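Take a look at the structure below.
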Amino acid sequence: MERLDQARAALIIRRALDDAAVRGLPIAVAIVDHAGLLVAFARSDGVAPVCIDAAIGKAYTAAMMRMATRDLAALALPGAALHAFAATHQPRPLMPIGGGVPIIGPAGCIGAVGVSGGSVDVDHALAADASRDDG
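Sequential numbering of the sequence shown, starting at 15, is according to my numbering.
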């Protein structure tokens, strides 16, 4: 099984931080493995403290659910299929808002990246662009 190593995690983090810097946006970036365990983390100077745990939560959620967190938002609304599950999931609640993207290898999900600091659409774009495996 392909693994998410430190070199790839560092590359993804650098891409996200650089892209956010061009936008003038302080962010937090978290990388987790396929089991949702933290592999790497970084933050820009001046990022809001709440963004730290949010980035980790978004990465965890994308890894556990094997899908982008923005695609989970509608499923977690009151009355929707994952509403109660998202709030009570252990060991941490799921964070079904944009900014978490799974990292897919040849055999499936090998981890995920979570970004927090901008709007959910910007966070998603930063995570998706940084995790692309096109150099």
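Cβ coordinates follow ideal geometry from the N, Cα and C atoms, glycine included. Just so you know, these numbers come straight off a predicted model, no measurement behind them.
Please report the Cβ distance between residue i and residue j, rounded to the nearest whole angstrom; I am assuming they are in contact, meaning their Cβ atoms lie under 8 Å.
i, j, result
"isoleucine 45", "valine 53", "5 Å"
"arginine 17", "isoleucine 124", "6 Å"
"aspartate 137", "glycine 113", "3 Å"
"proline 105", "methionine 81", "With a Cβ gap of about 20 Å, proline 105 and methionine 81 do not count as contacting."
"leucine 31", "serine 58", "6 Å"
For residue i, which residues in the same chain have their Cβ closer than 8 Å to its Cβ, ignoring the five residues on either side in sequence?
i, result
"alanine 139", "none"
Could you compute how far the alpha carbon of residue i sits from the alpha carbon of residue j?
i, j, result
"leucine 10", "isoleucine 111", "Because residue 10 is not part of the residues shown, which for the chain are 15 to 149, the question remains open."
"alanine 121", "histidine 48", "11 Å"
"aspartate 135", "alanine 144", "14 Å"
"alanine 21", "alanine 73", "18 Å"
"glycine 149", "phenylalanine 55", "In this prediction, glycine 149 scores a pLDDT of 44, lower than 50, which makes its location untrustworthy; no coordinate-derived value is stated."
"threonine 102", "aspartate 19", "30 Å"
"isoleucine 26", "alanine 98", "32 Å"
"leucine 91", "aspartate 85", "12 Å"
"alanine 62", "glycine 119", "32 Å"
"serine 133", "alanine 141", "12 Å"
Output needed for residue i: all residues of its chain with C-beta closer than 6 Å, excluding positions within five of it in sequence on either side, in chain order.
i, result
"methionine 78", "Gly50"
Strictly by DSSP, which residues pair up with residue i?
i, result
"alanine 91", "The sequence given here places leucine at residue 91; alanine does not occur at that position. Partner(s): none; leucine 91 has no beta bridge."
"proline 116", "Ala126"
"alanine 56", "Val43"
Who are the Cβ neighbours of residue i in its own chain at under 7 Å, not counting the five residues just before and after it?
i, result
"alanine 24", "Ala54"
"alanine 94", "Ala88"
"glycine 60", "Pro40"
"threonine 83", "Lys72, Thr75, Ala76, Met109, Pro110, Ile111, Gly112, Gly113, Gly114"
Would residue i pass as an interface residue toward chain C - the criterion being a Cβ-Cβ separation below 8 Å?
i, result
"glycine 60", "In summary, chain C is missing from the structure at hand, where a single protein chain is found."
Legend entry - At least three beta-carbon pairs within less than 8 Å, the segment 28-43 to the segment 126-133: yes
Inset, instruction - Kindly confirm or deny that the segment 63-71 and the segment 22-39 touch, where touching means at least three C-beta pairs closer than 8 Å. - result: no
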